[in-house]
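Visitor: Whatever position you read off the sequence shown (first residue = 1), add 127 for the numbering used here.
Glycine residues also receive a C-beta, built at the ideal position from the N, C-alpha and C atoms.
All figures in this text were calculated on a predicted structure; none of them were measured in a lab.
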Amino acid sequence: MELTKLDQIRAAEARLLLPTYDRNPILFVGGENVYLIDEKGDRYLDLLSGIGVNALGYSHPAILEAIAKQSRKLIHTSNLFYHEGQAELAQRLTERTGMDRAFFSNSGTEAWEGALKLARAHAGLLRSEGKQIGTKLLALDHSFHGRTFGSMSTTSKAKYREPFAPGVPGVEFVRFNDVADLRAKFSNEVCAILVEAIQGEGGIRPLSQEFFNEARALASSTGALLIVDEIQSGMGRTGKWCAYQHYGIQPDVTTLAKPLAGGIPMGAILCTEEVSRSFHAGMHGTTFGGGPLACAVACAVIDTIEKDHLRDHTTDVGNYFLAQLRVLALRHSVIIDVRGQGLMIGAELDSADLAKLTVAEMLKRHIVMNCTSDTVLRFLPPFILQRAHVDTTIQALDEIFTEHAATRATA
Ligand SMILES: Cc1ncc(COP(=O)(O)O)c(C=O)c1O
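(1) Measuring from the CB of I391, is there a heavy atom of ligand 1 at a distance below 7 Å?
(2) So, helix, strand or coil for Y447, using DSSP?
(3) If we ignore side chains and look at the alpha-carbon of each, how far apart do L420 and F230 end up?
(4) When you measure from the CB of S234 to every non-hydrogen atom of ligand 1, does any distance come out below 7 Å?
(5) At the level of alpha carbons, what is the spacing between G418 and I396?
(6) Would you tell me roughly how many angstroms separate the C-alpha atoms of T413 and L183, rounded to the nearest one?
(7) Less than 7 Å between the CB of F271 and some heavy atom of ligand 1, yes or no?
(8) Closer than 8 Å is the cut-off here; do at least three beta carbon pairs connect the stretch 239 to 257 with the stretch 455 to 474?
(9) Using 10 angstroms around the beta-carbon of Y371, count the other beta-carbons present and answer buried if the total reaches 16, otherwise exposed.
(10) Are T281 and A292 close, meaning C-beta to C-beta below 8 Å?
(11) Beta-carbon separation of P508 and D173 under 8 Å?
(12) Count the other C-beta atoms from every protein chain shown that fall within 10 angstroms of the C-beta of H203, then say buried if there are 16 or more, exposed otherwise.
(13) Given that a residue counts as buried once 16 or more other Cβ atoms are within 10 Å of its Cβ, and exposed if not, what is K367?
(14) Whose C-alpha, out of R223, D501, R310 and V495, is nearest the C-alpha of L154?
(15) Three or more C-beta pairs closer than 8 Å, one from the stretch 444 to 454 and one from the stretch 232 to 242: is that the case here?
(16) Can you name, in chain order, every residue of its own chain whose Cβ lies under 7 Å from the Cβ of I429, other than the five neighbours on each side?
(17) Report yes if the C-beta distance between S232 and G416 is below 8 Å; otherwise report no.
What follows is the structure in structure tokens.
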């Protein structure tokens with residue numbers, strides 16, 4: 128029997144790639160609007176958007192045009208010379224986030240590494256000015272910041288860290304939303320408190336207002352930095368440019384990535400003028416980061432989010448999605464919690480097996496989503512998702528949970 132194209136690719140990858148991924152057996156070859164298209168031409172409703180990346184969906188004309196236009200002009204130069212894009216993008220981002228300065232990287236984890244370096248360098252600067260401040264980093268339980276050494280060391284799950292031990296020293300974890308634990312672990316040994324405003328991989332867990340307020344107040348009391356990772360929650364996904372804006376909190380440093388350049392790899396560190404004093408020429412750098420192509424596309428993404436009022440749209444469709452999930456939870460007790468903001472949504476189930484089964488059953492129905500933190504169904508759809516897509520999703524979940532309840536009853 129002749130092997131399909133997918134079979135051939137699976138066999139080649141099994142032989143040639145490092146075994147880091149357990150892929151679903153689907154070969155995607157295209158995409159349009161909120162749909163992915165496989166090699167047979169079948170369409171899949173995408174509620175994951177490449178893990179929070181494809182905010183404008185697939186084949187969006189603004190992105191295609193920006194790529195075509197910029198690639199004809201200049202794809203790469205280097206950070207040794209000027210090009211037209213970085214200041215343009217930094218202007219847009221600083222205005223929208225309340226920050227003063229930017230540095231551009233190629234990914235989320237690289238942005239986070241840079242933010243950690245800023246924290247240590249800033250503490251060093253303060254010490255040189257006579258302040259007493261140490262080098263310790265306080266991160267949170269259930270956090271996820273990436274896979275490079277600093278990011279991994281500030282990520283709470285042991286399975287991501289232990290095989291590569293020892294990690295970066297001086298990191299301590301605080302119990303999530305536990306103000307007393309934060310107070311107990313904070314001292315002038317700490318140079319930064321590290322949080323996600325809404326934890327993503329950790330199971331769509333929003334910080335409490337009280338915890339966020341306390342983190343801001345403690346950091347300000349010693350000159351330590353409050354660093355907020357908005358890599359998953361930023362760029363309008365939650366209805367604001369950054370999720371911290373829902374809390375009325377202004378961090379010293381924030382990081383963006385995922386949807387920033389519409390699928391072209393890019394991350395950003397944004398910080399205050401005060402923090403920017405910590406870096407001088409040569410202290411940090413990148414060959415590819417902030418290249419002309421990524422900057423041009425990121426500007427187009429921001430302009431489209433603005434022009435098409437997509438932050439209002441993520442709020443509206445997100446509220447509808449959350450409400451429909453809550454109604455579904457009244458019918459199916461396997462849903463034990465529904466959390467989120469805008470189009471960053473989690474539905475926690477009562478078992479990891481059911482969560483896994485649900486993702487697989489949704490895929491059979493041509494709906495792409497995933498499960499995080501074992502039991503949490505995670506929805507990170509493109510910002511252009513419509514209410515009708517939510518209805519399709521809720522109907523599919525209803526069918527799956529009804530079938531599951533029937534199977535449980537007869538078992
Ligand atoms: C909150 C957060 N920080 C950092 C990262 C790492 O980003 P990247 O995978 O682009 O390195 C992720 C990725 O999922 C994330 O969700």
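Guide: For this structure:
(1) As a working note, residue 391 is residue 264 in the sequence shown. No, the Cβ of I391 stays beyond 7 Å of every heavy atom of ligand 1.
(2) Here residue 447 refers to the residue found at position 320 of the sequence shown. If DSSP states are grouped into helix, strand and coil, Y447 belongs with the helices.
(3) Here residue 420 refers to the residue found at position 293 of the sequence shown. Here residue 230 refers to the residue found at position 103 of the sequence shown. Straight-line spacing of the CA atoms in L420 and F230 works out to 16 Å.
(4) Working through the sequence shown from its first residue, we reach residue 234 at position 107. Checking every heavy atom of ligand 1 against the Cβ of S234, one is found closer than 7 Å.
(5) On the sequence shown, position 291 is the one that residue 418 refers to. On the sequence shown, position 269 is the one that residue 396 refers to. Looking at the two C-alpha atoms, the distance is approximately 15 Å.
(6) Position 286 of the sequence shown, counting from 1, holds the residue named residue 413. Position 56 of the sequence shown, counting from 1, holds the residue named residue 183. Straight-line Cα distance between these residues: approximately 27 Å.
(7) Taking the first residue of the sequence shown as position 1, residue 271 is located at position 144. The answer is yes for F271.
(8) no
(9) Here residue 371 corresponds to residue number 244 of the sequence shown, with the count starting at 1. Per the 10 Å Cβ criterion, buried.
(10) One-based indexing of the sequence shown puts residue 281 at position 154. One-based indexing of the sequence shown puts residue 292 at position 165. Against a cut-off of 8 Å, the Cβ pair of A292 and T281 comes out as no contact.
(11) Translated into positions along the sequence shown, residue 508 becomes position 381. Translated into positions along the sequence shown, residue 173 becomes position 46. Against a cut-off of 8 Å, the Cβ pair of D173 and P508 comes out as a contact.
(12) On the sequence shown, position 76 is the one that residue 203 refers to. In summary, H203 is exposed, with fewer than 16 beta-carbon neighbours lying within 10 Å of its beta-carbon over all protein chains present.
(13) Taking the sequence shown and counting its residues from 1, one reaches residue 367 at position 240. K367 comes out buried.
(14) Residue 154 sits at position 27 when you count from the first residue of the sequence shown. Closest option to L154, Cα to Cα, is V495.
(15) no
(16) Looking up residue 429 in the sequence shown gives position 302. Within the same chain, I429 has close Cβ partners R219.
(17) Along the sequence shown, one-based indexing puts residue 232 at 105. Along the sequence shown, one-based indexing puts residue 416 at 289. Closer than 8 Å, so yes.
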